[in-house]
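Residue numbers (my numbering): 1183 to 1304. Written out below as structure tokens is the structure these notes cover.
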């Protein structure tokens, strides 16, 4: 018996979500054209797909826990995507304000330190 789970996320930007999936080398994700590009599908075979669906405020992870076939738990999978998404969003939005990433350091505790700089032109 299938058990679909919807997990609310903080992901509001499809571009940064796609970049996070790319960085994590999660293959074959695609935009669902039936939803006007507002959801991503990660094919798993046998129609047991993982998807991120737009709910009007953020993307929710939709997964069938009974058919989860990944090397990580769902929570670990989401935590890794969340960290990559946050990194992409911070760097991307900072660049819009004229900052450039200097260093992105992975700390021993699993967190990241992002160093940015901007030169003021007078």
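Where a beta carbon is used, it is the ideal one built from N, C-alpha and C, also for glycine.
7 Å Cβ cutoff met for residue i and residue j
i            : j            : result
residue 1222 : residue 1266 : no
residue 1235 : residue 1225 : no
residue 1298 : residue 1281 : yes
residue 1189 : residue 1243 : yes
residue 1240 : residue 1191 : yes
residue 1256 : residue 1245 : yes
Helix, strand or coil at residue i according to DSSP, with G and I counted as helix
i            : result
residue 1208 : coil
residue 1259 : helix
residue 1221 : strand
residue 1246 : strand
residue 1288 : strand
residue 1197 : helix
residue 1277 : helix
residue 1303 : coil
residue 1264 : helix
Extent of the continuous beta strand (DSSP E) to which residue i belongs
i            : result
residue 1235 : 1232 to 1236
residue 1253 : From DSSP, residue 1253 is part of no beta strand (DSSP E); its letter is neither H nor E.
residue 1190 : 1186 to 1190
According to DSSP, residues forming a beta bridge with residue i
i            : result
residue 1272 : In the DSSP output, where bridge partners are listed per residue, residue 1272 has none listed.
residue 1298 : 1283
Would the segment 1285 to 1302 and the segment 1229 to 1238 be scored as touching if the rule is three or more Cβ pairs under 8 Å?
no
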